[in-house]
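Protein sequence lines, in the order shown, are assigned to chains A and B. Using this note's numbering, the letters of the first sequence map in sequence onto residues 18 to 251. Using this note's numbering, the letters of the second sequence map in sequence onto residues 18 to 251. Built from N, CA and C at the ideal position, the CB exists for glycine as well. Keep in mind the model is a prediction, meaning the values are calculated, not measured. Just below is one structure, and these are the notes that go with it.
There are 2 protein chains.
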Amino acid sequence: MTESATSTDGATSTDRATSTDRATSADRATSTGYRRAARLLLRDTLLDAARELLGQRPWAQITMAEVASGAGVSRQTLYNEFGSREQFAQAFVIREGERFVADVERAIDAHLDDPASALADALQSFLESAGRDPLVAMLLADDGTGGMLPLLTTQSAPIVGWASARIAASMCNGWPAVAEDDAQLLAEALVRLAISYVTVPAPGGTQSATADAVRLLGPFIDRAIRRAILGQAH
Amino acid sequence: MTESATSTDGATSTDRATSTDRATSADRATSTGYRRAARLLLRDTLLDAARELLGQRPWAQITMAEVASGAGVSRQTLYNEFGSREQFAQAFVIREGERFVADVERAIDAHLDDPASALADALQSFLESAGRDPLVAMLLADDGTGGMLPLLTTQSAPIVGWASARIAASMCNGWPAVAEDDAQLLAEALVRLAISYVTVPAPGGTQSATADAVRLLGPFIDRAIRRAILGQAH
DNA sequence: ACTTGACAAGAATGGAGATTTTGTCTAAGT
DNA sequence: ACTTAGACAAAATCTCCATTCTTGTCAAGT
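This is how it looks when you write it as structure tokens:
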């Protein structure tokens with residue numbers, strides 16, 4: 018019995034085009050493309066299931082079996098996809114960080130002409146969505162028994178590295194003139210500050226934090242841009 | 018300023034002004050001065066005892082009785098001085114943060130002419146001493162069972178507030194021309210970045226972190242100084 | 001002011017046994 | 001191929017209980 022529970026609203030949708038063999042009348046490349054897509058879908062579904070469970074109780078009290086059944090998938094599949102519980106938790110935190118990265122990338126694309134505005138936009142939307150996030154609330158309420166705090170703090174080196182690399186790449190992409198060094202530096206600072214503001218919010222709320230960050234980093238951005246323009250002219 | 022640097026291992030005195038002493042007479046002042054000094058000595062001794070114990074095992078496994086006897090003092094005295102275990106832990110973290118503040122203040126005083134150098138000096142010496150600190154190492158190794166991680170992360174709002182206020186005051190003192198807003202902003206960013214760099218070190222080591230911070234915040238400082246000079250001229 | 005001894009309430013500890021969970025494996029099913 | 005159910009050992013967790021320890025606060029002694 019595997020406890021057929023559920024699926025409230027869930028996001029999960031296990032239905033998949035069952036015709037795996039046939040190339041769906043499209044180009045052949047889709048075959049490998051399908052594989053990858055299916056794999057990503059699987060990962061996302063599992064991560065989503067964990068997310069929903071985390072809204073109810075801390076990570077330490079959630080079993081891998083629950084995650085698997087929440088995703089409508091066997092436990093074995095979960096282990097095949099993410100080696101261990103620890104690795105799964107790591108992947109989860111990274112995926113949540115993905116929202117942050119996505120916010121920043123969207124902001125960059127929306128303000129290709131004005132990096133300072135992009136910064137404001139990025140931090141604002143991220144901090145606001147993080148503030149509404151029940152997961153973040155649970156993390157903040159964690160007194161150490163929750164089990165996920167270290168991942169965001171003492172063991173967050175992988176997340177910081179990954180997120181800042183992604184953001185730096187986006188910056189270089191959106192603002193090709195900016196030096197790679199500057200982008201990397203700004204990206205890492207942004208990530209560190211974002212984590213800091215999530216774990217201990219600014220007393221004045223998110224817009225205060227955003228305004229502060231812009232005021233603080235604005236001069237650096239201005240200088241970077243000025244250097245970029247000079248470099249181009251040269 | 019107002020910092021009586023101690024010659025020995027590092028019992029920096031936290032001076033709390035709160036002079037409630039209504040002047041009764043001159044000779045009385047000596048007595049009150051002694052009182053205060055004795056009180057501070059007591060606090061420091063207790064905190065030092067805790068520090069030594071923390072070098073051996075995590076906070077969760079240290080009892081108040083051990084701290085008291087380590088300081089050669091009765092348990093009751095400990096409770097009289099710091100209300101509860103939680104408050105003691107808080108005070109301890111703040112006292113450790115005192116080193117950070119002291120480093121920054123010293124750096125400010127040593128570079129009254131050049132804030133950027135002061136920033137570099139401050140962060141460099143702090144990160145280096147923190148890197149050598151066995152306590153910090155223990156905190157970083159903490160998997161959540163240690164019991165002190167939340168104080169430095171999710172519950173670090175008091176520390177951030179206190180440290181940045183102190184540093185901002187020192188900045189305003191050392192560089193009177195700088196706007197209070199700018200000092201406050203820079204101080205808070207410095208504190209947040211310092212905490213971030215302690216919990217997840219920069220891959221390139223402390224000097225890399227310092228160089229990064231200087232490069233990042235340098236433009237802001239330059240602009241603040243430029244504004245300060247203009248303000249003076251006006 | 002500091003210490004000592006005592007105190008209740010609550011937290012931790014330990015031990016022994018049952019139960020769960022993790023991580024891996026295999027034999028199937030699609 | 002990919003997934004699944006079933007089974008498995010090893011490790012972790014839970015339960016229940018009794019016991020000890022710790023916290024926080026007394027009052028009285030120095």
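- Task: Under the assumption that Asp159 (chain A) contacts Leu166 (chain A) (Cβ atoms under 8 Å), give the Cβ distance between them as a whole number of angstroms.
- Result: Taking the first residue of the first sequence as 1, we reach residue 159 (chain A) at position 142. Taking the first residue of the first sequence as 1, we reach residue 166 (chain A) at position 149. Right, the Cβ-Cβ distance comes to about 5 Å (below 8 Å), so this counts as a contact.
- Message: Rounded to the nearest angstrom, what separates Met188 (chain B) and Leu136 (chain B) at their Cα positions?
- Response: Counting from one through the second sequence, the residue named residue 188 (chain B) turns up at place 171. Counting from one through the second sequence, the residue named residue 136 (chain B) turns up at place 119. Their Cα atoms are separated by approximately 11 Å.
- Query: Could you give the distance in angstroms between the alpha-carbon of Arg123 (chain B) and the alpha-carbon of Arg240 (chain A)?
  - Reply: Here the question's residue 123 (chain B) lines up with position 106 in the second sequence. Here the question's residue 240 (chain A) lines up with position 223 in the first sequence. Answer to the nearest angstrom: the Cα atoms are 29 Å apart.
- Query: Mind checking Leu247 (chain B): buried by the 16 CB within 10 Å criterion, or exposed?
  - Reply: Counting from 1 along the second sequence, the entry for residue 247 (chain B) is found at position 230. Flag for Leu247 (chain B) reads exposed.
- Query: Skipping 5 residues on each side, what residues in its chain have a beta carbon closer than 7 Å to that of Trp179 (chain B)?
  - Reply: Locating residue 179 (chain B) in the second sequence gives position 162, counting from the first residue. Here the set comprises Ile111.
- Message: Measuring only the C-alpha atoms, how far is Val208 (chain A) from Arg116 (chain A)?
- Response: As a position in the first sequence, residue 208 (chain A) is number 191, starting the count at 1. As a position in the first sequence, residue 116 (chain A) is number 99, starting the count at 1. Roughly 12 Å between the two C-alpha positions.
- Query: Taking any Cβ of chain A, which residues in the region 225 to 249 of chain B have a Cβ under 9 Å from it, in chain order?
  - Reply: Asp229, Ala230, Arg232, Leu233, Leu234, Gly235, Pro236, Phe237, Ile238, Asp239, Arg240 and Ala241
- Please confirm whether Ile184 (chain B) and Val118 (chain B) have their CB atoms less than 8 Å apart. For the purposes of this step, residue 184 (chain B) is taken as the residue at position 167 of the second sequence. For the purposes of this step, residue 118 (chain B) is taken as the residue at position 101 of the second sequence. It is a contact, given that the beta carbons lie within the stated cut-off.
- Is there a Cβ from chain B that is less than 8 Å from the Cβ of Ser173 (chain A)? Counted from its first residue, the first sequence places residue 173 (chain A) at position 156. At least one chain B Cβ lies under 8 Å of Ser173 (chain A).
- Message: Distance cutoff 8 Å, beta carbons only. Does Thr223 (chain A) sit that close to anything in chain B?
- Response: In the first sequence, counting from the first residue as 1, residue 223 (chain A) sits at position 206. No, no contact with chain B.
- Spatial distance of Leu202 (chain A) from Ala219 (chain B) (CA atoms): Numbered from its first residue, the first sequence carries residue 202 (chain A) at position 185. Numbered from its first residue, the second sequence carries residue 219 (chain B) at position 202. C-alpha separation (whole angstroms): 11 Å.
- With distances taken between CB atoms, is the gap from Val231 (chain B) to Ala147 (chain B) smaller than 8 Å? By one-based count along the second sequence, residue 231 (chain B) stands at place 214. By one-based count along the second sequence, residue 147 (chain B) stands at place 130. No; because the gap between Cβ atoms is not below 8 Å, this pair is not in contact.
- Taking 8 Å as the cut-off, decide whether the C-beta atoms of Pro236 (chain A) and Gly163 (chain A) are in contact. Position 219 of the first sequence, counting from 1, holds the residue named residue 236 (chain A). Position 146 of the first sequence, counting from 1, holds the residue named residue 163 (chain A). No, the Cβ-Cβ distance between Pro236 (chain A) and Gly163 (chain A) is not below 8 Å.
- Leaving out five residues on either side along the sequence, give the residues of the same chain with a beta carbon under 6 Å from the beta carbon of Asp199 (chain B). Sequence index remark: in the second sequence, residue 199 (chain B) carries index 182 (1-based). Hits under 6 Å: Ala241.
- Item | Rounded Cβ spacing between Leu168 (chain A) and Gln78 (chain A) (contact assumed at less than 8 Å) | Looking up residue 168 (chain A) in the first sequence gives position 151. Looking up residue 78 (chain A) in the first sequence gives position 61. Incorrect: roughly 16 Å between the Cβ atoms, too far for contact.
- Is the CB-CB distance between Leu70 (chain B) and Gly89 (chain B) below 8 Å? Taking the first residue of the second sequence as 1, we reach residue 70 (chain B) at position 53. Taking the first residue of the second sequence as 1, we reach residue 89 (chain B) at position 72. Contact flag unset, no.
- Spatial distance of Leu63 (chain B) from Gly114 (chain B) (CA atoms): Numbered from its first residue, the second sequence carries residue 63 (chain B) at position 46. Numbered from its first residue, the second sequence carries residue 114 (chain B) at position 97. Cα to Cα, the separation comes out at about 16 Å.
- Item | Whole runs of the alpha helix (DSSP H) within the region 120 to 150 of chain A, excluding any shorter than 4 residues | If we require 4 residues or more, the alpha helix (DSSP H) runs fully inside the region 120 to 150 of chain A come out as 132 to 149.
- Query: Can you tell which of B:Ala194, B:Arg60, B:Ser213 and B:Asp61 has its C-alpha closest to the C-alpha of Leu129 (chain B)?
  - Reply: For the purposes of this step, residue 129 (chain B) is identified with residue 112 of the second sequence, where counting begins at 1. Checking every option, the nearest Cα to that of Leu129 (chain B) belongs to B:Ala194.
- So is Ser213 (chain A) in contact with chain B if we call contact Cβ pairs under 8 Å? Numbered from 1 along the first sequence, position 196 holds the residue referred to as residue 213 (chain A). It does: the Cβ of Ser213 (chain A) has a partner Cβ on chain B nearer than 8 Å.
- Query: Hey, is Arg209 (chain B)'s beta-carbon within less than 8 Å of any beta-carbon in chain A?
  - Reply: Residue 209 (chain B) sits at position 192 when you count from the first residue of the second sequence. Yes, Arg209 (chain B) counts as interfacial toward chain A.
- Under the three-state DSSP convention, the category Arg33 (chain B) falls into: Locating residue 33 (chain B) in the second sequence gives position 16, where the first residue counts as 1. In this predicted model, Arg33 (chain B) has a pLDDT of only 35, less than 50, meaning its place in the structure is not dependable; the value taken from the coordinates is given anyway. Arg33 (chain B): coil per DSSP, three-state reduction.
- Query: Gln224 (chain A) by DSSP, collapsed to three states: which one?
  - Reply: For the purposes of this step, residue 224 (chain A) is identified with residue 207 of the first sequence, where counting begins at 1. Three-state result, Gln224 (chain A): helix.
- Distance between Phe143 (chain A) and Gly222 (chain B) (C-alpha atoms, nearest Å): Working through the second sequence from its first residue, we reach residue 222 (chain B) at position 205. Working through the first sequence from its first residue, we reach residue 143 (chain A) at position 126. Taking the Cα positions, Gly222 (chain B) is about 29 Å away from Phe143 (chain A).
- Query: Of all the residues that make up the region 147 to 161 of chain B, which are near chain A by a beta-carbon distance shorter than 9 Å?
  - Reply: Among the residues of the region 147 to 161 of chain B, those with a Cβ less than 9 Å away from any Cβ of chain A are Leu156, Leu157, Ala158, Asp159, Asp160 and Gly161, in the order of the chain.
- Message: I believe Ala245 (chain A) touches Ala174 (chain A) by the beta-carbon criterion, under 8 Å. Please report the beta-carbon distance rounded to the nearest angstrom.
- Response: The residue given as residue 245 (chain A) occupies position 228 in the first sequence. The residue given as residue 174 (chain A) occupies position 157 in the first sequence. With a Cβ gap of about 30 Å, Ala245 (chain A) and Ala174 (chain A) do not count as contacting.
- Item | Partners in chain B for Thr170 (chain A), counting only beta-carbon separations shorter than 7 Å | In the first sequence, residue 170 (chain A) corresponds to position 153, counting from 1. Here the neighbours are Leu166, Thr170 and Thr216.
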